[in-house]
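Colleague: Protein chains in written order, with this note's numbering: chain A, 1 to 297; chain B, 1 to 225. Backbone N, C-alpha and C fix where the C-beta goes; we use that ideal spot for every residue, glycine too.
(1) Relative to the C-alpha of residue 188 of chain B, which residue among B/95, B/134, B/158 is closest?
(2) Please go through the stretch 128 to 173 of chain A and give each complete beta strand (DSSP E) segment of 3 or more residues, from N-terminal end onward.
(3) According to DSSP, which residues form a beta bridge with residue 3 of chain B?
(4) Which residue wins for smallest C-alpha separation from residue 187 of chain A, given the options A/13, A/35, A/115, A/3?
(5) By alpha-carbon positions, which one of B/21, B/160, B/89 ends up nearest to residue 28 of chain B?
(6) Pair every Cβ in the stretch 35 to 49 of chain B with every Cβ in the stretch 189 to 196 of chain B, then say whether three or more of these pairs are closer than 8 angstroms.
(7) Give me the DSSP bridge partner(s) of residue 161 of chain B.
(8) Can you have a look at residue 82 of chain B and say buried or exposed, based on whether 16 or more other CB atoms are within 10 angstroms of its CB?
(9) How many angstroms separate the CA atom of residue 48 of chain B from the CA atom of residue 127 of chain B?
(10) For residue 211 of chain B, list the residues DSSP reports as bridge partners.
(11) Output, in sequence order along the chain, the residues in the stretch 176 to 210 of chain B whose CB is closer than 7 angstroms to any CB in chain A.
(12) Residue 89 of chain B versus chain A: which residues are under 9 angstroms apart at the beta carbon?
(13) Quick check on DSSP: helix, strand or coil for residue 8 of chain B?
(14) According to the Cβ coordinates, are residue 59 of chain B and residue 121 of chain B closer than 9 angstroms?
(15) To be precise: take each residue of the stretch 206 to 228 of chain A, compare its Cβ to all Cβ atoms of chain B, and keep it if any distance is under 9 angstroms. Which residues remain?
(16) What residues of chain A sit near residue 125 of chain B, judged by a beta carbon separation below 7 angstroms?
(17) Taking the alpha-carbon positions, what's the residue 179 of chain A to residue 248 of chain A distance?
(18) Tell me whether residue 228 of chain A is buried or exposed, calling it buried when 16 or more other Cβ atoms sit within 10 Å of its Cβ.
(19) Which of the three DSSP states, helix, strand or coil, is assigned to residue 148 of chain B?
(20) So with Cβ pairs under 9 angstroms, would you call residue 148 of chain B a contact of chain A?
(21) Excluding the five sequence neighbours on either side, which residues of its own chain have a C-beta within less than 8 angstroms of the C-beta of residue 219 of chain A, listed in chain order?
(22) Using CA coordinates, which residue listed in B/14, B/15, B/19 is at the minimum distance from residue 7 of chain B?
(23) Would DSSP call residue 220 of chain B helix, strand or coil?
(24) By alpha-carbon positions, which one of B/218, B/182, B/151 ends up nearest to residue 209 of chain A?
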């Protein structure tokens, strides 16, 4: 089988069924963008909750303009408090670095907008006792101390983020999967129509002894191509959505909690490759089922 | 070349298409298959091509039992068998030479061989003047010649013809039969199902008569009935 023949046949089939092909491609595109958004949310939540690792149960945010003696006083309190097992000081520079590395490694233009003096330093605290009541007593004891901007509990923040995103993520994921199934059925149908339109040729091919693969491959390529194009469009729109989100973030107050949801460029690539693989799979499976049933091989 | 042993085929559990049919057709023979519509002639031919499977019995093509042939080997077997039909089965959007070339392209014949073979076979069937015509621009007889060219272009061992003159007037039918005779003279075994009494009685070849799925007569140099 030569490549010339394959390219010619596949292109001709795609042209012949333009409206149905468009419907399949767009359905796959929309479903995969939804899937991509769900994955982005997942990554975002992971990023947002990253700072609560290694037993850190609450964070004391310090006023940006805290006086050095106030800060030392605060540290003495932390050292002397029996309810605290350990803590880590995160300076403004460190906080800025973490912010840049974690959330916008590929976007120097966003990074430039944020300087060390607008990000507060903080103490990440690991309490001695890990029951909610004990944590609450220790955490609230620091709330009123001079120079403290805010005390944020892990449970508060994580549960807030998780309840908010969980619902959205499941709805988006569900819609994405239903649409993906629709896309698969549409591709299946497109290929069936294409084969039906060419049933005379297929009949002659079988009659003169063309192998089943020879008959099938152009149709399977057509389906795979539809899935791939849909996936490419879906990936592009996920990428676009993420860019828009980043831009919106950079125009907003930097203390906005959503900041921590930003997803890195590497993650986007990962999601894109996954989406394209799913698209190709859906396309080839859909067309294989159609071809298998039509040819009865 | 073709051998049937006790072949039985029943459709949907009730309609009997062929019952205990046995016969042996030698290389280079020309055989007429006669009988009323529904007597099992088409089923007979379709089973030789493995388009249908017998319910019981064995079929041998060129010494090989085809019932046990795996599905991926069927295409290769079919390349040894040419088929022509009452309705020609030409591709309407392809020209005469494209129709013939198509049969070679889809079995992976090299381009240069196709360029050599197609004009040669079209000359053999007398269509060298019409290579760029579309099927609908041709007469019925000419269309049947194209389909014969397509069936014979890769020199199969066997040619199966299912009422090839069914849509043609008597004069044209005679021309088609001359062509089939010439093909038979090259050593190709021809099996032809027909209702055409005149042709069978004139040519006096072996006749196998089917009635309700049974072979009721197998006669050398036979007549229609």
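Modeller: Let me spell this out:
(1) Here residue 188 of chain B corresponds to residue number 188 of the second chain, with the count starting at 1. Here the closest residue by C-alpha is B/158.
(2) Runs of the beta strand (DSSP E) lying entirely within the stretch 128 to 173 of chain A, each at least 3 residues long, are 148 to 153 in chain order.
(3) The count along the second chain starts at 1 and reaches residue 3 of chain B at position 3. Paired residue(s): B/24, B/60.
(4) Position 187 of the first chain, counted from the first residue, corresponds to residue 187 of chain A. Closest by alpha carbon: A/13.
(5) Translated into the one-based positions of the second chain, residue 28 of chain B becomes position 28. Residue 28 of chain B has its Cα closest to that of B/160, out of B/21, B/160, B/89.
(6) yes
(7) Taking the second chain and counting its residues from 1, one reaches residue 161 of chain B at position 161. According to DSSP, which records beta bridges pairwise, residue 161 of chain B is partnered with B/84, B/192.
(8) Here residue 82 of chain B corresponds to residue number 82 of the second chain, with the count starting at 1. Buried, because 16 or more other Cβ atoms sit within 10 Å of the Cβ of residue 82 of chain B.
(9) Residue mapping note: residue 48 of chain B aligns to position 48 of the second chain, counting from 1. Residue mapping note: residue 127 of chain B aligns to position 127 of the second chain, counting from 1. Residue 48 of chain B and residue 127 of chain B: Cα-Cα distance of roughly 29 angstroms.
(10) The residue labelled residue 211 of chain B in the question sits at position 211 within the second chain. Answer is B/214.
(11) So nothing in the stretch comes that close.
(12) Along the second chain, read from residue 1 onward, the residue named residue 89 of chain B stands at position 89. The contacting residues are 200, 203, 204, 207.
(13) Stepping through the second chain from its first residue, residue 8 of chain B is reached at position 8. Strand at residue 8 of chain B.
(14) Here residue 59 of chain B corresponds to residue number 59 of the second chain, with the count starting at 1. Here residue 121 of chain B corresponds to residue number 121 of the second chain, with the count starting at 1. Not a contact, by the Cβ cut-off of 9 angstroms.
(15) Those would be 206, 207, 208, 209, 210, 211, 212, 213, 214, 215, in chain order.
(16) For this step, residue 125 of chain B is matched to residue 125 along the second chain. Chain A residues near residue 125 of chain B: none, gap ~16 angstroms exceeds 7 angstroms.
(17) For the purposes of this step, residue 179 of chain A is taken as the residue at position 179 of the first chain. For the purposes of this step, residue 248 of chain A is taken as the residue at position 248 of the first chain. Each residue's Cα considered, the two are about 28 angstroms apart.
(18) Position 228 of the first chain, counting from 1, holds the residue named residue 228 of chain A. With 16 or more neighbouring CB atoms inside 10 Å of its own CB, residue 228 of chain A falls in the buried class.
(19) In the second chain, residue 148 of chain B corresponds to position 148, counting from 1. DSSP, read as helix, strand or coil, puts residue 148 of chain B in helix.
(20) Within the second chain, residue 148 of chain B is the residue found at index 148, counting from 1. When Cβ-Cβ separations below 9 angstroms define contact, residue 148 of chain B makes no contact with chain A.
(21) Here residue 219 of chain A corresponds to residue number 219 of the first chain, with the count starting at 1. Same-chain partners within the cutoff: 13, 191, 194, 195, 287, 290, 291.
(22) For the purposes of this step, residue 7 of chain B is taken as the residue at position 7 of the second chain. Looking at B/14, B/15, B/19, the one whose alpha-carbon comes closest to that of residue 7 of chain B is B/19.
(23) Along the second chain, read from residue 1 onward, the residue named residue 220 of chain B stands at position 220. It is coil, neither helix nor strand.
(24) Taking the first chain and counting its residues from 1, the one referred to as residue 209 of chain A is at position 209. That would be B/151, whose Cα lies nearest to the Cα of residue 209 of chain A.
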